[in-house]
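Trainee: First the structure, which I've put down as structure tokens, then a few questions once you've had a look.
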Amino acid sequence: MNRRGVTPAVSKSLEVGMVVLFVALLTTVLLGGVVPDYRGAVDARVGDRVLATASAEIERAVPPSHGVATVETRQRVTLPARIGDRNYELRVDGRALVLDHPDPGVSGRTRLVLPDRVDSVAGRWQSGTETMVVVEGGPDALVVRLTAGGGA
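Under this note's numbering, residues 35 to 186 are what the sequence shown spells out, in order.
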């Protein structure tokens with residue numbers, strides 16, 4: 035019997051099988067471990083940036099005191115609609131800004147650095163809504179509010 039004609043076909047079939055096995059193994063490793071870990075790290079970084087941006091915008095909204103009788107400012111703050119394909123919330127806790135996210139690795143808090151003439155800070159922002167910082171009051175007592183939409 036002469037089977038030399040079958041050898042190239044069997045060899046090519048084995049090569050194709052090995053390539054398919056390699057691609058399947060590589061896909062499983064990447065999607066099972068490396069990619070989700072990378073996404074988690076990226077989401078945590080985005081959460082940190084959102085917290086830093088929001089706190090900086092809140093602090094910047096408070097005008098300097100130059101003998102002004104009354105203060106009323108409204109400043110729009112642009113934030114991402116979602117972090118890691120999930121909604122989040124920013125809220126005030128005393129003089130701290132808190133990021134609440136379903137992933138604890140993304141959640142965080144930062145202290146707001148505001149002048150002593152700011153009496154209170156209140157409010158919350160939901161992701162995906164138009165966000166505003168409203169500052170109202172007199173020269174010695176300001177109220178800072180985080181509001182959605184037009185600030186009502």
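Every residue gets a Cβ at the ideal spot worked out from N, C-alpha and C, and that includes glycine.
1) Going by other Cβ atoms of all chains shown within 10 Å of its Cβ, with 16 needed for buried, is threonine 104 buried or exposed?
2) Report the rounded CA-to-CA distance for glutamine 160 versus proline 138, giving the unit in angstroms.
3) On the DSSP letters alone, give me the boundaries of the alpha helix (DSSP H) that proline 49 sits inside.
4) Helix, strand or coil for threonine 163 per DSSP?
5) Spell out whether any CB of chain C is found under 8 Å from the CB atom of isoleucine 117.
6) With aspartate 134 as the anchor, note down where its beta strand (DSSP E) starts and where it stops.
7) I need the boundaries of the beta strand (DSSP E) containing leucine 148, first residue and last residue.
8) Is the beta carbon of valine 152 sitting closer than 8 Å to the one on alanine 95?
9) Roughly how many angstroms lie between the CA atoms of glycine 81 and serine 154, to the nearest whole one?
10) Short check: CB of proline 136 to CB of arginine 158, under 8 Å?
Mentor: Reading from the atomic positions:
1) exposed
2) 17 Å
3) A small fix is needed here, since residue 49 is glutamate in this sequence, not proline. It spans 41 to 63 - the alpha helix (DSSP H) in which glutamate 49 sits, taken as one unbroken run.
4) coil
5) Absent from the structure: chain C. Only one protein chain is present.
6) 130 to 134
7) Run containing leucine 148: none; DSSP gives neither H nor E here.
8) no
9) 25 Å
10) no
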